[in-house]
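Participant: Going by our numbering, the sequence shown runs without a break in its numbering and finishes at 301. Virtual Cβ for every residue (Gly too), placed ideally from N, Cα, C.
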Amino acid sequence: MTGSVLALTNDAIVSVSAVSNAIMELGDVGVETRDPLIITQVSLLSQLPVESSSIDIVLSFCRSPESPTDQLFKEILRVLKPGGTILICHSESAIEDADIVTFAIERNLLLSGFSEANSLPPKSILASDVPSFLVKAKKPSWNIGSSFAIKKAPKSSLVVQIDDDDSDLIDEDSLLTEEDLKKPQLPPVGDCEVGATKKACKNCTCGRAEAEEKVEKLGLTDELLNNPQSACGSCGLGDAFRCSTCPYKGLPPFKLGEKVALSGNFLAADI
């Protein structure tokens, strides 16, 4: 093939002037030196009879909304050189459908692998009285299997800038009040367990004061506490026989005159 321009159409024939007009819309110089290859009835072909990556410009003239097909876009992408250009010339009788037609073509081009898809102003390419909607795109400038080195950004150390102006700083001590600066007073330590007598302290909270008050009400002396004597004679029989004020209430039965002794497992849980 002597030229690098490929024209595709579903019609039975396409004029050379239409091909030249389309190339001129691309701003390509030296149109007269081009020897385009024109393929008609392209929808009947499953594969274009052209070598891969051998065409600079592909022109597609179509009248049907279903053209070009996805298969044709795939073939055009195959035969174009990296960076090659495709121009779609779509003829329609209703100029108000321009936005719908061009948008659909641009979308199909991008989905097929082309880049830089954009529409051009409508021009009369195929016939003088019928405008053609023109959409141009490019094949990416790399081939399948190409590799490129990725340049990594140089590592830079983190720089922290400290402003010497401390006028916005607040003295923490100035936020404290006189009440906050007072030393807290610890509560006095009780002396219930201090000394041999082990009497309740002034502010007793351990229950010793209540126990001493109970002993005073009963009139029990140290002699009676150390040598218990029953006033009713029933203290040693158990709670069922004891008085309501009996100091042995809650304790197991015992023999009078003997010191009450609890077994080692008295406070152990039954379960």
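#1: According to DSSP, simplified to helix, strand and coil, what is PHE103?
#2: Enumerate in chain order the residues of its own chain whose CB-to-CB distance from SER154 is below 6 Å, with the five nearest sequence positions on each side excluded.
#3: On the DSSP bridge list, what partners appear for LEU89?
#4: Can you tell me whether GLU105 is buried or exposed, with buried defined as 16 or more other CB within 10 angstroms of its CB?
#5: Could you give the distance in angstroms between the alpha-carbon of GLY225 and the alpha-carbon of CYS262?
#6: Between which two residues does the beta strand (DSSP E) carrying ILE200 extend?
#7: Please classify THR132 as buried or exposed, where buried requires at least 16 neighbouring CB atoms within 10 angstroms.
#8: So what does DSSP say about PHE144, is it helix, strand or coil?
#9: Would you please verify whether the beta carbon of ARG137 is less than 9 Å from any beta carbon of chain C?
#10: Among all the DSSP beta bridges, which residues are the ones paired with SER149?
#11: Does the segment 63-75 come close enough to the segment 106-123 that 3 or more CB-CB pairs lie under 8 Å?
#12: Would you call THR275 buried or exposed, if buried means 16 or more other Cβ atoms sit within 10 Å of its Cβ?
#13: If you reduce the DSSP assignment to three classes, tell me which class ALA124 lands in.
#14: LEU281 to ASN233, Cα distance in whole Å?
#15: Report yes if the C-beta distance between SER145 and ILE135 is below 9 Å; otherwise report no.
#16: Reducing DSSP to helix, strand and coil, say where SER204 ends up.
#17: Pull up the CB-CB distance for ILE85 and GLY114, whole angstroms please, since I reckon it's below 8 Å.
#18: Taking ALA167 and LEU139 to be in contact with their CB atoms under 8 Å, please state how far apart those CB atoms are, rounded to whole angstroms.
#19: Does DSSP put VAL44 in a helix, in a strand, or in coil?
Facilitator: Inspection of the coordinates gives the following:
#1: DSSP places PHE103 in helix when its eight states are reduced to three.
#2: Here the set comprises PRO161.
#3: Note: LEU89 sits in a beta bridge opposite ALA37, LEU117.
#4: Burial call: buried.
#5: Confidence at GLY225 is low in this model, with a pLDDT of 49, below 50, so its placement is unreliable and the value that follows should be read with caution. The straight-line gap separating the alpha-carbon atoms of GLY225 and CYS262 is approximately 35 Å.
#6: That residue, ILE200, is in no beta strand (DSSP E); it is neither H nor E in DSSP.
#7: With 16 or more neighbouring CB atoms inside 10 Å of its own CB, THR132 falls in the buried class.
#8: Under the three-state reduction of DSSP output, PHE144 falls in the coil class, being neither helix nor strand.
#9: Absent here is chain C; the protein component of the structure consists of one chain.
#10: Beta-bridge annotation (DSSP): SER149 is paired with VAL165.
#11: The segment 106-123 vs the segment 63-75: no contact.
#12: Burial check for THR275: the Cβ neighbour count within 10 Å stays below 16, so the residue is exposed.
#13: A caution first: ALA124 carries a pLDDT of 46, below 50, which makes its placement in the model unreliable, though a value can still be read off. Reduced to three states, the DSSP call for ALA124 is coil.
#14: One C-alpha to the other measures close to 30 Å.
#15: Pairing SER145 with ILE135 gives a Cβ-Cβ distance that is not under 9 Å.
#16: Shown here, SER204 sits in a helix according to DSSP, grouped into three states.
#17: About 6 Å separates the beta carbons of ILE85 and GLY114, which is inside the 8 Å limit, making them a contact pair.
#18: Taking the Cβ atoms as the reference, ALA167 lies roughly 4 Å from LEU139, within the contact range of under 8 Å.
#19: Three-state result, VAL44: coil.
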